[in-house]
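Below is one structure; the comments refer to it alone.
In this note's numbering, the protein residues as written are 742 to 817.
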């Protein structure tokens, strides 16, 4: 499936983030669970990022971690 691009202001700068719909679903669900705006959640995730890593990569890893915490790691 194709990427979906969304734009945010992070730390005072406009940026775009392109993710697959499955990753956006995890981000949207977690933001709702936390009663937090998606932009605020992305900004929070961005604070954990190494400057050499892409934002899209760190959000994908973060989303995978959320799913693993919820359902357990795939050991098969």
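A virtual CB, placed ideally from N, CA and C, is assigned to each residue, including glycine.
Residue 808 and residue 753 have their C-alpha atoms roughly 30 Å apart. Following the DSSP letters along the chain, one finds residue 796 in no beta strand (DSSP E) but inside the alpha helix (DSSP H) bounded by residues 796-812.
Straight across, the Cα-Cα distance linking residue 758 with residue 787 is about 11 Å. Taken through DSSP and simplified to helix, strand or coil, residue 755 comes out as strand.
Listed as beta-bridge partners of residue 760 by DSSP are 745. According to the DSSP assignment, residue 778 belongs to no alpha helix (DSSP H), since it is labelled neither H nor E. Between the C-alpha atoms of residue 749 and residue 812 there is a straight-line separation of about 29 Å.
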